[in-house]
Amino acid sequence: MPAVGRNWPVGARPPVLRGWEPPATPYGPGHRGVDLGAPPGTPVRAVAAGRVSF
Numbered sequence: 038m039p040a041v042g043r044n045w046p047v048g049a050r051p052p053v054l055r056g057w058e059p060p061a062t063p064y065g066p067g068h069r070g071v072d073l074g075a076p077p078g079t080p081v082r083a084v085a086a087g088r089v090s091f
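In the working numbering, each number is its position in the sequence shown, counted from 1, plus 37.
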């Protein structure tokens, strides 16, 4: 498999504030994302084709 270039959505190597936490059951509660830290007002970029919404 070829290497894929990646860009961070907020600057270079932002701190991870909260990582992905799998649920105990398929539809149970869990944290299905990764929270990245950045100063207020930092532009957020989509890392692939798409749109950033929050």
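Glycine included, C-beta positions come from ideal geometry on N, C-alpha and C.
Assigned secondary structure, residue i (DSSP; H/G/I helix, E/B strand, else coil)
{"i": "V84", "result": "coil"}
{"i": "V53", "result": "strand"}
Contacting residues, own chain, Cβ-Cβ under 8 Å from residue i (five flanking each side not counted)
{"i": "V53", "result": "V71, D72, L73 and G74"}
Pairwise C-alpha distance: residue j and residue i
{"i": "W57", "j": "P80", "result": "22 Å"}
{"i": "R55", "j": "R69", "result": "10 Å"}
Own chain partners of residue i with C-beta closer than 6 Å, once the 5 adjacent residues on each side are dropped
{"i": "A83", "result": "V89"}
Residues near residue i in its chain [Cβ-Cβ closer than 7 Å; skip 5 each side]
{"i": "R43", "result": "V84"}
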